[in-house]
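Please read the structure below before turning to the comments.
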């Protein structure tokens, strides 16, 4: 079954789009597992706590990447692969491209280290579709500031260079053009959702999977 990741800087609307996509797929009678990083596996919440909580000294970019990668390994092995094997679509809010944008492109972890760790952690369990929700840094900051009562999904991101992280995502898309699709996230959420769904429908045998699942159930 297909594996879909939704990526983008905080404020791009990726969490909402992941929810809308999962709902659209379920409306087609498809089985869907919705998940997110770094929280997806049982290790994830502890890693998030380390990344965003108080600590005696700052984490290095390398330490951040290793922590995130440990959570991802647990996520892939314990959640994503079993769900795919059981015939589910998997929709995740963040995956490997977030690590590239944050730890490699923004904080300077070596690409070689990232590639080697990603190969070990994810292996061939890579998304069939990655949607990078593109939005300029100023708009993202404004959106964050107007989300009354809703904390960032990554509080540490508030101290980072949004423009550079955005460029990291765009570079990730440039390197994987068949997998990655850049979506203008300044449009209305329903427009963004329709664009994502149209790409999936046009580039996959979604109706065939629908028939198979209906037959199996």
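Residue numbers (the numbering used here): 72 to 288. The C-beta atom is built at its ideal place from N, Cα and C for all residues, glycine as well. Just so you know, these numbers come straight off a predicted model, no measurement behind them.
Is the distance from the Cβ of residue 75 to the Cβ of residue 271 below 9 Å? As a first step, residue 75 must be located in the chain shown, where it is residue number 4. As a first step, residue 271 must be located in the chain shown, where it is residue number 200. Using a Cβ distance threshold of 9 Å, residue 75 and residue 271 count as a contacting pair.
Within 10 angstroms of the Cβ of residue 273, are there 16 or more other Cβ atoms? Answer buried if so, exposed if not. For the purposes of this step, residue 273 is taken as the residue at position 202 of the chain shown. Its Cβ having fewer than 16 others within 10 Å, residue 273 is exposed.
Length-filtered (3 minimum) beta strand (DSSP E) runs lying within the stretch 233 to 273: Secondary structure in the stretch 233 to 273: the beta strand (DSSP E) runs of 3 residues or longer, each lying completely within the stretch, are 251 to 255 in chain order.
Check residue 134 in the structure and name its three-state DSSP category. Taking the chain shown and counting its residues from 1, one reaches residue 134 at position 63. In the structure shown, residue 134 sits in a helix (DSSP, three-state: H, G or I).
So, residue 113 versus residue 145, is the Cβ gap smaller than 9 Å? Numbered from 1 along the chain shown, position 42 holds the residue referred to as residue 113. Numbered from 1 along the chain shown, position 74 holds the residue referred to as residue 145. Yes, these two residues count as a Cβ contact at 9 Å.
Figure out for me which residue from 126, 188, 251 has the closest Cα to the Cα of residue 133. As a first step, residue 133 must be located in the chain shown, where it is residue number 62. Checking every option, the nearest Cα to that of residue 133 belongs to 188.
At the level of alpha carbons, what is the spacing between residue 125 and residue 99? Taking the first residue of the chain shown as position 1, residue 125 is located at position 54. Taking the first residue of the chain shown as position 1, residue 99 is located at position 28. Near 44 Å, if we compare the C-alpha coordinates of residue 99 and residue 125.
To the nearest angstrom, how far is it from the Cα of residue 233 to the Cα of residue 72? Numbered from 1 along the chain shown, position 162 holds the residue referred to as residue 233. Numbered from 1 along the chain shown, position 1 holds the residue referred to as residue 72. Their Cα atoms are separated by approximately 33 Å.
Should residue 217 be labelled buried (16 or more other beta-carbon atoms within 10 Å of its own) or exposed? As a working note, residue 217 is residue 146 in the chain shown. Answer is exposed; the Cβ neighbour count stays below 16.
Quick check: the stretch 135 to 144 against the stretch 82 to 99, are there 3 or more CB pairs under 8 Å? no
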